[in-house]
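See structure below.
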Amino acid sequence: MPFRTRLATRSLPPLPVLLRSHGMRSLVTVPKSVTLPRILLLLLAAATLVACSDLVPAASATAVPTVVAPAAPAPDAAELLTQAFRNIRGSATLKLALQHSGEPFLIATDFGNVAFEQADISFVAPDTLQAVAQVALLGLPVDVDLFARGEQQWYRNALLTGGNWQGGILLQNFNPQQLVASGSGFDRAASALLNLTWQGLVGLEEGQLAHLLRGPARGEEVSALLVNLVQLTGEVQTEVYVDPDTLLPLRFVLTQPELATWEVNVTAVNAAVQLDAPRQAGG
Numbered sequence: 030m031p032f033r034t035r036l037a038t039r040s041l042p043p044l045p046v047l048l049r050s051h052g053m054r055s056l057v058t059v060p061k062s063v064t065l066p067r068i069l070l071l072l073l074a075a076a077t078l079v080a081c082s083d084l085v086p087a088a089s090a091t092a093v094p095t096v097v098a099p100a101a102p103a104p105d106a107a108e109l110l111t112q113a114f115r116n117i118r119g120s121a122t123l124k125l126a127l128q129h130s131g132e133p134f135l136i137a138t139d140f141g142n143v144a145f146e147q148a149d150i151s152f153v154a155p156d157t158l159q160a161v162a163q164v165a166l167l168g169l170p171v172d173v174d175l176f177a178r179g180e181q182q183w184y185r186n187a188l189l190t191g192g193n194w195q196g197g198i199l200l201q202n203f204n205p206q207q208l209v210a211s212g213s214g215f216d217r218a219a220s221a222l223l224n225l226t227w228q229g230l231v232g233l234e235e236g237q238l239a240h241l242l243r244g245p246a247r248g249e250e251v252s253a254l255l256v257n258l259v260q261l262t263g264e265v266q267t268e269v270y271v272d273p274d275t276l277l278p279l280r281f282v283l284t285q286p287e288l289a290t291w292e293v294n295v296t297a298v299n300a301a302v303q304l305d306a307p308r309q310a311g312g
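Going by my numbering, the letters in the sequence shown line up with residues 30 to 312, in that order.
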């Protein structure tokens, strides 16, 4: 005998009571005489109202941008990219914000493996960098400050070092000077990205327009886009956003398929930078 269901038509409590019992906030009040099928329709309508109220523009910087102007004629992608990297490489100071999303990325340190999450970075040419990084150590969120000048490094953390700078190698084979050195860093990344194609002018936050260049690259070649704080391997999908007026990079997005996305926003170029240097480094 086939199984059949039949909706009961008994009276139910007012909808606000029904929703509160399930931890929901009511948008409408329903008389007690409304039957179950009608309540289901009203629940569907209420859910639709809630969903529509949440339809706001995405605030995430990683939201896919929309091409707003094709620009004619299209710029030469290789020339645009080369000039953008030449400009950023010649900067006296840089401020960047690096953010990671996706699968945990582990970095080997003297304290064991830590999972990188995000960092605010200040770079002063030719060889000085300070970063305030958020990492996960033993599953717990930890803020770690890094100061590097040439091959020397200092780090501090409220618990691990009592909030005091301590000399030691936190990141193996890391030297900020490599970022702008000829043939490495930004130079190497620019050479590896000459196959990127121009996608158009896109709109970023607050009406900022940017040239978007996109294409595949090898992680080993473009880690400078992550300020060499993170070393990637394998193929990554790369996006470079360039200011059409200054021809300076605004953003880099590196995507490791099915693994993680790395986003670097260039927040200031040639602006004053206040470093909190260790005493041993002249602070």
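Here a beta-carbon is modelled for each residue, glycine too, at the ideal position from N, C-alpha and C.
| query | result |
| --- | --- |
| Check the C-beta distance from residue 304 over to residue 159 and give it rounded, since I have them as a contact under 8 angstroms. | 5 angstroms |
| For residue 218 versus residue 152, is the C-beta distance shorter than 8 angstroms? | no |
| Spatial neighbours of residue 133 within its chain, please: C-beta separation below 6 angstroms, excluding the five flanking residues on both sides. | 144 |
| Can you give me the start and stop residues for the alpha helix (DSSP H) that residue 217 sits inside? | 215-221 |
| DSSP three-state label for residue 262, please. | coil |
| If you draw a straight line from the C-alpha of residue 302 to the C-alpha of residue 268, how long is it? | 27 angstroms |
| With which residues is residue 292 paired in a DSSP beta bridge? | 128, 282 |
| By how many angstroms is the C-alpha of residue 146 removed from the C-alpha of residue 136? | 11 angstroms |
| Cutting at 6 angstroms between CB atoms, please list the residues of its own chain near residue 196, excluding the five before and the five after it. | 183 |
| Using DSSP with H/G/I as helix, E/B as strand and the rest coil, what is residue 205? | helix |
| What are the residues that DSSP puts in a beta bridge with residue 188? | Paired residue(s): none; residue 188 is not in a bridge. |
| From residue 106 to residue 176, what does the alpha carbon distance come to, in whole angstroms? | 35 angstroms |
| Return the bridge partner residues of residue 243 from the DSSP annotation. | 226, 268 |
| For residue 232, does the three-state DSSP call read helix, strand or coil? | strand |
| What's the gap between the Cα of residue 180 and the Cα of residue 237? | 37 angstroms |
| If you run the structure through DSSP and keep just helix, strand and coil, what is residue 300? | coil |
| Could you pull the start and end residues of the beta strand (DSSP E) that residue 146 belongs to? | 141-153 |
| Short of 7 angstroms in beta carbon distance, which residues of its chain neighbour residue 246, apart from the five on each side in sequence? Order them along the chain. | 221, 222, 265, 267 |
| Note down, in chain order, each residue of its chain lying with its Cβ closer than 8 angstroms to the Cβ of residue 122, except the 5 sequence neighbours on either side. | 151, 152, 153, 154, 297, 298, 299, 300, 301, 302 |
| Looking only at DSSP bridge pairs, what is residue 96 linked to? | 231 |
| Whole-angstrom Cβ separation of residue 258 and residue 116, contact assumed at under 8 angstroms? | The Cβ separation is near 22 angstroms, so there is no contact. |
| Rounded to a whole number of angstroms, what is the C-alpha to C-alpha distance between residue 295 and residue 126? | 7 angstroms |
| Taking C-alpha atoms, which residue in 235, 139, 130, 157 lies nearest to residue 210? | 157 |
| Go ahead and pull the three-state DSSP assignment for residue 256. | coil |
| Do you know whose CA, among 108, 163, 95, 97, lies nearest residue 225's CA? | 108 |
| Quick one: residues in its chain with C-beta nearer than 6 angstroms to the C-beta of residue 124, no 5 flanking neighbours on either side, listed in chain order? | 151, 296, 297 |
| Do residue 290 and residue 284 come within 8 angstroms of each other at the CB atom, strictly closer than that value? | yes |
| Could you check which residue in 141, 309, 231, 228 has the C-alpha nearest to that of residue 167? | 141 |
| Can you tell me where the beta strand (DSSP E) holding residue 175 begins and where it ends? | 169-178 |
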